[in-house]
Structures are given as C-alpha cells and as structure tokens.
Amino acid sequence: MRLGVCYYPEHWPQHMWPRDAKRMAELGLSRVRIGEFAWSRIEPEPGRFDWDWLDQAIDKLHEAGLGIILGTPTATPPKWLVDRMPDMIALDAQGRPRGFGSRRHYCFSHDGYREEAARITRAVADRYGRHKGVVGWQTDNEYGCHDTVQSFSTAARDAFRSWLAERYGSIDALNEAWGNVFWSMEARSFEEIELPNLTVTEANPAHWLAFRRFSSDQVVRFNRVQVDILRALSPGRDIMHNAMGFYTGYDHHDLAADLDVLGWDSYPLGFLEMFRFSDEEKLAFARSGHPDIAAFHHDLYRGCAAGRGAEGRWSVLEQQPGPVNWARHNPAPLPGMVRLWTLEALAHGAELVSYFRWRQFPKAQEQMHAGLLRPDDASAPAFAEVEQVATELDAWAEPGPGVKHAAIVFSYPAEWMTQIQPQGEGCSALWAAFRSYEALRRQGLNVDILAPDAPLDGYRLIVVPCLPIVPDDLADRLASSASQVIIGPRSGSRDADFAIPEGLPPGPLADLVGGRVVLSETLRPGLFHNGAGWNVTRWLERLEGDAEAELVCDDGTIACWRNGRVRYCAAWPEGQLIQTIVGRAAADAGLPVDLLPEGRRRRTCERLTFEFEYLAGGVSVSATA
Amino acid sequence: MRLGVCYYPEHWPQHMWPRDAKRMAELGLSRVRIGEFAWSRIEPEPGRFDWDWLDQAIDKLHEAGLGIILGTPTATPPKWLVDRMPDMIALDAQGRPRGFGSRRHYCFSHDGYREEAARITRAVADRYGRHKGVVGWQTDNEYGCHDTVQSFSTAARDAFRSWLAERYGSIDALNEAWGNVFWSMEARSFEEIELPNLTVTEANPAHWLAFRRFSSDQVVRFNRVQVDILRALSPGRDIMHNAMGFYTGYDHHDLAADLDVLGWDSYPLGFLEMFRFSDEEKLAFARSGHPDIAAFHHDLYRGCAAGRGAEGRWSVLEQQPGPVNWARHNPAPLPGMVRLWTLEALAHGAELVSYFRWRQFPKAQEQMHAGLLRPDDASAPAFAEVEQVATELDAWAEPGPGVKHAAIVFSYPAEWMTQIQPQGEGCSALWAAFRSYEALRRQGLNVDILAPDAPLDGYRLIVVPCLPIVPDDLADRLASSASQVIIGPRSGSRDADFAIPEGLPPGPLADLVGGRVVLSETLRPGLFHNGAGWNVTRWLERLEGDAEAELVCDDGTIACWRNGRVRYCAAWPEGQLIQTIVGRAAADAGLPVDLLPEGRRRRTCERLTFEFEYLAGGVSVSATA
Amino acid sequence: MRLGVCYYPEHWPQHMWPRDAKRMAELGLSRVRIGEFAWSRIEPEPGRFDWDWLDQAIDKLHEAGLGIILGTPTATPPKWLVDRMPDMIALDAQGRPRGFGSRRHYCFSHDGYREEAARITRAVADRYGRHKGVVGWQTDNEYGCHDTVQSFSTAARDAFRSWLAERYGSIDALNEAWGNVFWSMEARSFEEIELPNLTVTEANPAHWLAFRRFSSDQVVRFNRVQVDILRALSPGRDIMHNAMGFYTGYDHHDLAADLDVLGWDSYPLGFLEMFRFSDEEKLAFARSGHPDIAAFHHDLYRGCAAGRGAEGRWSVLEQQPGPVNWARHNPAPLPGMVRLWTLEALAHGAELVSYFRWRQFPKAQEQMHAGLLRPDDASAPAFAEVEQVATELDAWAEPGPGVKHAAIVFSYPAEWMTQIQPQGEGCSALWAAFRSYEALRRQGLNVDILAPDAPLDGYRLIVVPCLPIVPDDLADRLASSASQVIIGPRSGSRDADFAIPEGLPPGPLADLVGGRVVLSETLRPGLFHNGAGWNVTRWLERLEGDAEAELVCDDGTIACWRNGRVRYCAAWPEGQLIQTIVGRAAADAGLPVDLLPEGRRRRTCERLTFEFEYLAGGVSVSATA
Ligand SMILES: [Zn+2]
Ligand SMILES: [Zn+2]
Ligand SMILES: [Zn+2]
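Residue numbers (this note's numbering), protein chains in the order written: chain D, 536 to 1160; chain Y, 536 to 1160; chain P, 536 to 1160.
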C-alpha cells in the first residue's frame, strides 16, 4: 500500500513547491493528488488557458519522485462559466437555485455544462495525459456532496422524461407499473410526468424511485464522458473517483464499473458526529470514530469496485488527519488514530491512503480543517503518525487478502426504497447493513459487502439485511450455496417498480425463507417485545409458512424464523437481536466466533492478522495463525 | 347501524368485481363507497367519458345487494385538466406551488376549477343519480387533508378581497375592527389588503382570523356547488362528506349544514401518533389508540351534524382496519380493536361504519395501508373481527340514543384563535376541549359536543373549555339553564374581530362568572403552582370580582373560582386540575360519577350500556339499568 | 434619572389624551415617547399630511409638563408607499419577499425608500423640530428587529458590489484577501460577486463577514440620513435610537457614534425565554429574568455610547411592565421586578427609564402585551411599582458613577465571526462575553463593556472573552496597563478578512499570552475534561510557548495558561471554569471579591451601593462605604 497526500499548489507561493515536494517524499509519501478545484487558475478567462503554474507544480512534484493523481476541476466551474449559462445551476426540491459561491453548482442533466466539463477535461488531459509524473486521474470531486445529485431544474425534468420513455417504452406501461390509477395520476404521455417534488402530499413512491434511478444514471453518464476522454488521452493511467461516507445518492456499483480504482474519503470523526449513531455512541467514540465506520466503507467500496470482474481495486483518496471543520462538533482524534486508520485501510486491501491535506489553508471555507502541516508550516500531530506508519509499512506491506468469512448483500436501490418509504422512523437499508456489519465484526469476522449480483462463493455466512428488490436468481444462488443465510425484513418485498409482489414478501425468497410476510408494522421507540437478552424494536413482520420459530419473545412474538440453513429476521436487525442471530448462524457455519470487547476489532488477512484497539488508538499486528 | 367498505374497482381486474361484491355481502356489509379518486378513468381525455367500467362496477355491487355511496372525484383532477389551467394550483404559505403528483392539487378559490368540479359532478350525477344501487353521495374527499384549505394564490387573494368587502362594507370599518392604526397597517381600499403570509413578523391576528374564516367559507362554497347539483340530479340520496380527525381547517358546523350526513374517517392509531399526545400516552395506547380519540370525534361530528335541526346524522366513512402508512410509526392494532372501534361508533349513534379499504393495493402511495383483505386476496386480521361484529349487530342494532349527561361547547373559530395567538406553547382550544372531554369520560359520563348556538336543554353539566368568541345570548342561556357550568380560560376574551372586549374578558360571561380577568400569563413546562393533587400549568389568569376561590394553590394562586352553579377554571384545563373540577361539578349536578380505570370507558344508551376496555381490546354490552 | 412612558395617542379617542397626560405626570413621569408607528395617520395619502391630531397630542402632553421624544415613523411605511415601489421590500435568505402586513418591511439598501424616509423625517422635523415640548428624537424603531438587517434583494446586491469596490479597491485584492482561489471562487470584477445566500454549501466565511459588515454599514448610513436632518431642523434635542437585547445584527458602536443617547428596550423575561439560557435557568429565573440580562445590556450600551468621547449617555427607551406577547411562554414578573429593573438602570447610569406602554391596546399584534394600565384603563400591577420607585428616586437620584473594577472587551464583528463559523455548537462571542460578565458580577464586581479601541485606564481586571480580530495596538495597550488580563479562546485568531494570521492565533496577542494556539477542537455536550471543580467544555485549544499551565485537568489537559499578569483561557469561558479564572484574577488584582448567592447582584456607585435580590424582587440601597 502506498501513502499520499492531497495538495493544492495554487494556494501557496511557487517557491514553496519544491520544498513541499521534498518533504512529502522524505515523509514516505509516493502519491500526491492535485488540481481538482483549480479551474479558475487553469482557465482564468473563457478560452484563455494558463498552464505555466501547473506545468511547474507537476514538474516539481514529479522531480521529487511523487506520482501525481490529477483531478478534473469540474466540481468548481468558474463564475464566468456560470454567467454564460445560468440555467446550468441545479434547483433544490423547494425550487430554489443553488448558485455560485461554494462548489458543485451544476445540474448533472444540463447538456451545456456537460459539454463544458468535457472541454476542460480534454484540455487538461491533452496537456498532461502522457506526462510521466501523472499516474492517475480523479474525475470531478465527491459527486453528490452537499446533496447535489438530485436537481429539480427544467433540464432535469426534460432529461427525466426521455429517461422514462426509454425505460418504459410506452406511457401505458409506466402507468401500469406505477399504479397511477390510484389518485388519478395517470399520464397520457411522458410529457405529462413532472418531477416528484412540490407535490401536495408525497408523490408515488414508484415515481420517486424512478427519479432516484434517473438521477444516479445522470451521475454515471456525466462521469463516463470524462472517463472516455481520459482513457483516450492518458493511456495506462488509473481513473478514479472519490466517494464519500454513508452516502447513497447514486449507485456506486454503476459508477465503479467505469473506473479503474474506486476511491473514498474517510472522515471517521465527522461521520460519527453527523450520522445516525446514538448520542451514547457519539460520546464514546468521539475521538476514535465508531470502530466500524472506516472498515464498513473499505469493504463496501472494495465490493463496488469488484464489479469490473477482478478483486476490487480501491483507495482512500482523503483521510482525516485531525479535527475537521464541517461536523456539528469537531474534536481532535486520539493520539494514534491516524496511524490506526491507515493500518485499517491496509488490512482491508487499499492501494493508497492519501491524507487530506498537506498543509492547513488559512483562508476560505476549510480554514479550520487540519492538515499534516499547520498553516505556519510546522508539523501538525498527524505528521509524526504518518512518519511512523510509513516506516512500519516496509514490514507489513503485504498482509495478503482477507480470509473469507461472511458476506453482506447490499444495493443502493434498497436504501433509496427505505428512504422513500421508511414506514417507521430509522428504518434504513444502509443502516441495517451497517448494524449487521457491526454484529459480524464484533464476532471477530471478516466481512465482504456484495452487490446482489456478485458471486457468493466461499462465504460460510451470508447476510441480506434489507433488500427489497432481489434479482431473479438470488434465491437460487443462495439455495445452491452451502452457506448459512440470514435474511432481514423487507427483503423481496418489492418489484423493480416499487410494487408489493403478487405472492407477498419476501417474493422470490419465499421458498428459501419458508414463509410469507402477511403483516408489517413499525414500533415507536419504547414500544418493543421482550426477548431473552434481545428485543424486537422498530419493525416487526408476521410470517405464515413452514419455517420454525427460533427466537420467540415473552409474549409469543416471533423475532427470528429458521428454515434449515436460512434464518429470517422478522424484526429490525439491530442491537442484541442481530448480534444473537449472527452469533448463532456463525456458530452453525463453523466460523471462528469470538465476541470482542466494544472498542476492539480484528482483520484476518492471509499473512497478517491485525487487532485494532479503537478506544486506545492502538494496533497490534501478528502473523496469521 | 350498517357496515360498509371503501372499494376501488378501478384498481382490480374486472373479473374480480362480482366475487368481491359477493364476499362483501356475505361478510355482512351492506354499503360500499366507491369512485372518489377515479376522474382519470371516468374522463381519460378532456370531454371523452368512459362510463362502461363504472356502469359494470355499480351494477355488480348493486346486484350483490350493496347500497353504493358514490364519490365525486374532485379531489384528484387529472393531469390534462391541471395543464389546461395551471393557476388552479394552490400556493403554500411560502409561495411555492403545490403541484400535480399526489392529490388535492387545487385552490378552493379558483373559479375555473370550481366550474370543472361542477361539470364532472354533473356528469356523474347525470349518469348515476337515479340508479337504484346508488343510495348516497360523498362530495370530494377529506377537504383540507394535507393542509389544503389555505391557499396563497392570486385567485385566493382576489377572492379574499371580495369576501372582506362583503363582510366589512367599508375599508374604514375593517381598519377600525382590526386596529390597523397599530403599525400603520391602514388600507385605503380592499385592494390594499394582502394575504397574511410572508410578512416580516406576524400579521395582525384579526387579519389571520379573517383569512381563516374566508378560507373556511371557500370550502363550504365549493362543496355547496356539488351539493346543489346532486340534490337536483339524485333526489332522495344522502349527501355526505368525510371529515378527518383533530382537523379544524374549516368550520364543520357550516359544512354540515349543507349535508344530510356528516361522515368522518377514523384512524385512532395514526391520530394518536401524529397529534399532541404525550410520549407516555403514545406508548401506552400505541396499539389501541387513546380511548377518547374515536369517541370525541363521534360526539363532535354528531354535534356538527345536528345543526340541521334534528339529532345529527353521522357515519364513519373510513375506519382503520390495521396498520396505516402515514404516521411516524405504524403499529398494528391489538386483536379486538377493529370490533371495539365499530361498537364505539354504534354506541355513539353512527348510521354506518365503512372500513378503509376492501383490499390492500400493492402499488402507489398507500401500498402499506392495510385492508380487510391482503394484497394476495386472503383475509387480513380485521376480516374476522368484522365478521364477528356484523353478527353481533343483529342483537345490538338498536342501543337507543345516549342518555344526556354533560355537554362541551366548542367552536372552530375558537381553535383558529388559539392557533393564531397561542401566547404559550400548547394552548389550543381544541386540545382544551379534548382534555375536558377525557375528564368527563373518565367519570363514566356521556358527553355531547355542541356548537355555541346549540340548545343546552337537558344537560346537567355544561363545560365551555376555551371559547374566546361567545354568542351574545350564551350567557343568558347558561344562566337560564339549571346546569352546573364550567368555563375555561380565554372564554369571552375576544370580540368577533379578535379584539379584547371593552370590559375585559370574559366579556359577556362576566356576570355569570362573577369576575373579570385582569391578567393572563403563560408558564413554561416545569413552571407550575402546586395544588392538592393537581397543579396549575401552562396558562394562568388573575380574576377580580365576587366569585369565591374554590381551588387554591399552596402559594395562594387561585386555580378555580366559583360563583354559584358556575365555576371558572383560571388555569389551563388539563390533567388532574380539570379532572378535579369536573368531578366536583358532576357531583354537584347529581350525575352518576364513577372514576374509571385508565383504559376503560363507558357509553350509556337508552337501551344498552357499553363498557370498552381499550387496553385489552374488549367490549361488554348490557341492558341499561 | 427620569421616568417616562411610551404612548400611542393615535390608538385612543382624542378626549382621553388630556387625562392620560395628567395621570402620567401625577405618576411621576416626565418623558413620553410617541409617534414612531404613525406614518399612516401623519400622511394618510401620498403627499397629504394630517398634522391636526399630532399637534393636539403634542400640545396636551406638553401642557401636562411632559417632555416629548418623537419617533420618526420609518419602521412602518404605509401600504400606498410600498405599492409605489414594490422593490423596496427586502428578500430573505431564501429569496422570499418580506412584504407588507406587519412592520420593518423595507430593504436598507433601497435608494428610493431611503429618500422617502428622509422626506417623512424632514416633514415631521419641520413641523415639530422647534416645538418646546419636543426634547428628543428617536430614529425609526429597533433597527434589525425580526431579523431585518440583512436583505438579499437586487438593491442590496448592487450596493454590496459598490461597497466591496470601495473597501478593496481592486478585485484582485478581494480575491487575495478572501482566498478565493480555494474552490475556484475567483471573480474577475466586482460585478461577479453575488450575495452569499443560496449557495450549494456554505459560502466563503470572508464573503459572509464582508456582507455582515456591509449590512451593518447600510443601517448606519440609513440612520445617518435621519440624524442629519434632525440635527439641522431640531437643534438642541437629543437624538436616540432604541437598540434591542442580545442583538448583534449591526455594529452598535458605529450607530451610537451618530447619536446623542443610545437607548435600548429591556424585556428581561422575554429575553430569558428566547435566548441561549439553559432550561434550568429559564425555569429558575422565569419571573425575574436572569439577574445579568438587564445589567449586561446597560453596561454594553453605555460602552457603545461612550464612543462619542464622553461617558456614554444611554437610556432604557422601553421597559417591560408585565407579561409580553412575543416569547414562547410569557409569564408575569414577580411583584417588585418592575421597581427592581428600574433601580438596576439607575445604578448603571441610565438617563431615562421609559415603560412600554402606557395602556395595553386591545387590538392587533401586541394586544397581549401588558402596559401600566389595563385595556379598561384601570391600573395594571406595574403601575403601583412605578409610583413607588418614582418617589424613591427623589432620594436616590444621584448614585454617582460606578466604581471602576473590571472591563470586558467586546466587538460586534467578533460575534459575526462566531456566528459565521461557530466550529462547534454554542460557540458565540456574545455568549462568551455574557458568561464572563456573569462570572464577574457573581463576584460582586462592577463591569464596563468596552469596544476594542476604548481606553483601558483604571480597570484592575480586563477580560477579552473571545475577540478574533484585534486592533493592532491592543496588545500594547494591555501590556502597558497594570491590569490583570484574561484572554479567551479564538482571540486574535483572524485578520480583518477572516484569515488565520501567519503566526497562528492569538496573532498580535501572542507575546502577551506567551504562546501560540497550535490546535483547536470542539467538544459535544458530555465530552469534557475534568478539573478541580470546573470542567473543560465545548472548545479546547492547545498552546505552545512560554506561558505556564495554571489550571490542569485530571488527564493533563491545560484549561488555563498564565504569563505574568495575563491568563489565557484555552477552553470555552463558561460555568465554573470562567468563574474560577475570574476569581483568581480578581484576587490577584486586589479587587473586593465576594461570591454572591445565585440571585443576588451588587452595583457599587460612588455615592450609593445597590443590592438586588432577583429571586425575591427586592432591592436595598445604602451609602457606599
Ligand atoms: Zn465533501
Ligand atoms: Zn387523508
Ligand atoms: Zn421589537
């Protein structure tokens, strides 16, 4: 695994660049990511390019031995460009323009902007595509950051109508698939379909799901334009994009299919603070991050990247080096965490960990975001940890792939469906996947996170936490595996257009599960059914069928059903319930279960085994037994 | 009392209709409500009507012996209609259009849409008005659902100005009545009056009250157009509308005056979850509904319907049969609740309970809303309960009218006033009425809920929980009754245009109360005055006058005053305070008081007495002693 | 000190005016504030003035011996004026117009409205400027009330561009100062700078700070137009404006520089309820107000007014006399509070306390706001308290100036910066100042609140709670004083354009502090470091330098550093931590420290010493020892 850093030469005087490059190399870094926000410096006026500074920067970095990952600057089109086509701006769900003044101020469906993005990509790739120092490309930056995938502009509406026409062929097919007869929502042509925002009450969930799919496809299409240009003009370089944490605005399986390497930006403390964790968790892990945040995304994005056929290639393109500026509260990491997070990435198979950023910039929006260096050029606390881990990597560079234990099946449309129709607060497919992942990791197991169409070979335990739409052959593939299987609520509960299947949920999984879901209900916090050390919370389904009750509450409510190798979790998969089910299934699978303490996690690779002590910031590495 | 069901033949293949009709009849249902969302199927293109399917549906239902309640489909105008006059769309208070894509996408003040609504009503009534199977009509559906009574469109603004001109005659009269001299808000003509939204800080409360009255009047006017057409074209059929729970967007007394039967849609679990109940109540009654929710609305709407002179005719046009889809959490009812809720309606004098809906529809917005049948056509849990209660109704069909015990006086403008000017959080006239109702019901008493101008004869206890505007003769009518009277805070505190009366509150009730309110204050949660088993919370008034202090706090604060038969509750009527006052007044009235356990309620009819055990889902019925 | 009252003759029939005037005088009042909302009565039609009524009102008040403070009515332009130039309306940050129907419906940047405001000011001043009864003027009313300083209109945008051009000279200078290279935000001309609202994610903090400065300047400019007219047409009269509580929308130092007397409107109970106090404080002080609310503002505004050179002249132009109408909950003050608040103003050097209002108006927005008289003309509870304190003032009229103990340094841009970039919830410079003030007052000390450029002579203790931008000479002035100094977090952490200084925080204060801040982090509630009776909460900085650790947590975290006479509080200044630091510094300063009970406060003037018992509504006055 390599180490790298994100660097913005345009922020600093030119005389600092050579020294910066030298210090990077001395620190043990071999990669540097640059350029992704520099459009206004590359093309200060329409059509007038200023390459000098970037030539210099690239040369200096290259001369120091660093491989350069160059970003296309399309996340930050300059003001003159926006002024030339003001309707390139996205509209939010309330109909308000999302204008210039920060970043990501564009609508993915705007043809004119897509052409401009292609133009600047071509210009940059023309100039540097075959530069020896350039080893990779990053397209744009964090697609979807600041909730920018969905746009409610005229451009989006028109593109949505074309997308629908292509998907459904006829308006009658759409009306039928969506059930538009309900509430007289039937359209007579695709031109009668509006965007699903600003309706009186919620729009048809099928309408929303189509819009989510469309919006995701627009991102993939936008990205592909750049990928095609870069492949043509910069042969042999890896093309990447940097995904985010707990973010599902587009389908990362689809995006990754066009990339060589899927990157992601890892901010464990910020994510802990801003996402669904309980207040207790936010306090307990305030300085370390919840111990599964980084690992979950490593495994998720490795799975997304695996869509191209091989073992997925992935990297950490940004890594938190200290306090950030964007969470509600922004504490400093415990000493040791920057090293620990780096080794967690190593243990999961990253190709690169790139710290964000080299030196804290004293101005503008991210002035409170730490770097490896302080604004005064002195070392920030992370610097020494990187120095240490860079040395350690010499010994641990090849831990080998993770030993196959358990797999989780997750899809992006699953999360879209539970967002569109939660039916009860907190019922999110992504969160079900995270809590299932946590339960498996607490048992000391390795976990792969797979797309629904990924091969299932070699796993002794497969968990499908919440997968409303299942591929036709998933049931067969699960049946023909020898694995223990856990299927969670809502799985198989919808067809591709958000309709309940004819034979009731779990639809195509019914034979496997040995039952059908005849009633679903949701429970407010505090309303639960008591079990033996676990509870039924949040969601509860009643089943009819041949499966046997395995976990039964004091009041007779059945929390978990069993049909041979297959368990069905009829309540929300969280807390002690999913821990209990996972524990039983793992034991039945003959997996090496070992309930770890709260802050400890393990990763078993072929050659090395890592033990992470999150609450102490410590890591121990040993040869795998 | 009859049983019925809501049915959407347009959702199902035609071959299912005869069998559905037969099963309904066999189940013991004799009414079926249809058609209210079917405009796009009745008139798929402008001016082209497709009656075939509806002819068939009506005939099949009629042939099975069911009486049909036909809905006018005006809550869901089709897309082609909206596209022909886009300004029929309402604007919300933020100025955003509330467009097509769900339902209720129209502004009540739009002349063009009112004409279109008349046209489709005439078309449907022309075709089926004299059909033998059609026994009743429902106009539109749930006026005001999704907060749709108020619109801030140009059509609404223009209509509001005309309405004001009619009400006030001259702009000087309006300026004077509203006190527009305050903050230089004086207008020189009605054209200078804007809608009260989007002001810098709150608009004049008199302005808001006028707008609330206007908005209510627009609903009544819109409905009357349909009523007039239906009366002319479908003689002898009952005309109804379905009101909602805890909803006060328009004056139901006014609407009911134009109807034969006032219907309402009863969703006890959804209402519990979504309204002002405490978290403790939401947990305790999660599966049964708070035991006064359904009964309160039965008594409220019977009172609204009584405005036409006779004992009010009312029905439950929708009844929750299982989990719904629209609350924050959607649990399943306890076994027995569907039967219990049905019998509660019987005990209160409903003509009909119609379950919503026959079969769960697997698509679109309400796919998670239970029916009597599951989407796969099998029985849902409610089915057997309906079967049982249908049989029981043979024996209990005629419980007789409720014995007269206590009355609550409530008006819709009272609630508008407390919404416009709460002065302290949670001070709602509707909620004061509900908590007073609960206190009376806990004593085992029957309660009627009356309009301020309704006759007061026969009640031994009359409660006026919070009635800012009182009719001129109410004081006299209360004085000349022999009843015990409880008057609550803010009563008589405003004239018809939201001004404090010259002689201070309680205005025309001052002699009755024996005092005047010289100070009002509101108290944050936790700030209270201790009494003997009760507390002063939320609201407190100081009185001057001849009345005697009856309930005095430890610190000397007077919570309740007494002037002969009349008590004045000077604090917010809730909790143990209103329970204590009601208990004393009921005892003084010689009523059969009997404090019931938390989940038990009683309804004493002339022939039968019902005891409801909400927390157990049970009902016992006995001959009235 | 004089007493006065706010009076609205236009609300009452003319025959009441003489009697009202007489009662005011008899009560002991000598000032009456009128006219500030009466534009629609002064100029009922464009260009047609109706002076008769106001002539009468002024004459009657003057005849009763009252000195009149006349308000310019520019906070409430009439509807006809708005209709003539609809674009005078401000737009809110969401782009919505903030229209007619309440008050303050104008954009400070609209040239046309500023001319109209000048025109009406000239008209009123022409007529009454030399009237013997008129002793003072109030410009407009509560600039910024209802969040009205910032407008996002076209007028504001254009004016902002001009303001920027003047401030920065060249667009390159602006780009450099703001760091616009970050995210390609560079502009090519001032016409490319937009307002900072409706951006995709947060705009550049430098952009926001400039907009806050600009918006403040627009208020000052608007006010100055009126001041210039009044000075010319009404020589010798005091010109005032009434500021508000906990309000920082514009720079009061700048505004006060143009005024003779800075007034403010004191509503201790409303402010307690609506601002950052904890729920515990809101309960404990619900009926008295937190004991530092009024005093803090007295001292703050006296400091603002001192900018003109002399000891600052200031007044309470509105004083709460009972429950108000605008807080979330509106309790009545304890008996004695109206007198206590009056004496607190006396003790702090007010020239005038003017109660708001004479008689409760039974109509419109403030009908629930108490007055000295009830709507029925009888005395409200405050009346007798005013009567008492008016008599007492005969004896205590001349308490003398406050003895100099401690000073707090506060600036409005400091608060703007912490609002723009809190970095952690609750980190507000204003609140840091308030909590520091509270800590000093709890020690029985007098506190002056100073602008950063105010003279520091005579204080034995100077606290700089949170001052990101420091004047160049502040460090020198602090160093050359003999005072104990406490400097709080973020002080010196930014240059004038929101950039971190080259040498790191505390920038120019580094030598004084004896260290530099190398890391800042924020802590969620519950995440703290334990000290000995105090905790580190909310914010924490790490220092490097020569200073010595003075307060060290159990875990080694340093909460407070000391460098000779200078202490640096490296955590958020609140609770027991700031109390401890203040206690030590005050002791070192030889100040008479004396930790007072929770509800007691003291003010030591040259001749009289006041002890206030907030929780009992009592005051004792004695000769200063
Ligand atoms: Zn981001
Ligand atoms: Zn509804
Ligand atoms: Zn105000």
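By construction, the Cβ of each residue, glycine as well, lies at the ideal position given by its N, Cα and C atoms.
Going by C-alpha positions, P:D627 is about 34 Å away from Y:A1031.
A direct Cα-Cα distance of roughly 30 Å separates D:M536 from P:F717.
Shown here for Y:P1043: same chain residues with a beta carbon closer than 8 Å to its own, the five before and five after excluded, namely V1005, D1007, L1009, A1010, G1027, P1036 in chain order. According to the DSSP secondary-structure assignment, P:Y1103 is paired through a beta bridge with P:I1022, P:W1096. About 6 Å separates the Cβ atoms of P:E879 and P:A830, confirming a contact at the 8 Å cut-off.
By the neighbour-count criterion, in which 16 or more other beta carbons inside 10 Å mark a residue as buried, Y:R654 falls on the exposed side. If you check each beta-carbon in the stretch 852-864 of chain D against every beta-carbon of chain P, the ones closer than 8 Å belong to G857, P858, N860, R863, H864. Going by DSSP, P:G1153 is part of the beta strand (DSSP E) stretching over 1153-1158. Here the alpha carbon of Y:L907 sits roughly 23 Å from the alpha carbon of Y:W588.
Boundaries cannot be given for P:Q902, as no beta strand (DSSP E) includes it and DSSP labels it neither H nor E. In this structure, DSSP gives P:Y782 a state outside helix and strand, which the three-state scheme calls coil.
Pairing D:F810 with P:V617, the inter-Cα distance amounts to about 46 Å. A distance below 7 Å between beta-carbons, with the five flanking residues on each side excluded, links D:E1079 to the following residues of its chain, in chain order: G1050, R1051, V1053.
In the DSSP annotation of this structure, the continuous segment of the alpha helix (DSSP H) that includes P:S697 starts and ends at 689-703.
Residues of chain D with a Cβ closer than 8 Å to the Cβ of Y:P613 are, in chain order, S719, E721. Taking 7 Å as the CB threshold, Y:N739 lines the interface with chain P. Under DSSP, Y:S889 shares a beta bridge with Y:G539. For D:Y678, the closest of D:G668, D:R702, D:M779 by C-alpha to C-alpha distance is D:M779.
Counting along the chain, P:Q1111 sits inside the alpha helix (DSSP H) bounded by residues 1110-1123. In this structure, DSSP gives D:F812 a state outside helix and strand, which the three-state scheme calls coil.
Look at the beta carbons and you see the stretch 925-943 of chain P not touching the stretch 788-798 of chain P: under three pairs across the two are nearer than 8 Å.
Relative to the Cα of P:Q956, the nearest Cα in the group P:T926, P:E737, P:A1105, P:A1067 belongs to P:E737. Rounded to the nearest whole angstrom, the C-alpha separation of Y:S1015 and Y:V1101 is 12 Å. Put simply, the backbone Cα of D:F1147 is about 13 Å away from that of D:N981. By the C-beta criterion, the stretch 674-693 of chain Y is judged to be in contact with the stretch 634-643 of chain Y, since at least 3 inter-stretch pairs fall below 8 Å.
Flagged as an interface residue toward chain P: Y:I1035, by a C-beta distance shorter than 7 Å. Taking a beta-carbon distance threshold of 7 Å, Y:F572 counts as an interface residue toward chain D. Counting along the chain, no beta strand (DSSP E) covers P:W586, and no H or E run does either.
Under the DSSP assignment, D:A1084 falls in the beta strand (DSSP E) whose first and last residues are 1083-1087. DSSP places D:I603 in the uninterrupted beta strand (DSSP E) bounded by 602-606. Neighbourhood of P:A628 in chain Y, by CB distance below 7 Å: empty, with the nearest CB roughly 13 Å away. The residue among P:H787, P:G630, P:G714, P:W698 with its C-alpha nearest the C-alpha of P:F687 is P:G630.
Boundaries for P:V982: no alpha helix (DSSP H) harbours it, while the beta strand (DSSP E) harbouring it runs 982-985, taken from the DSSP string.
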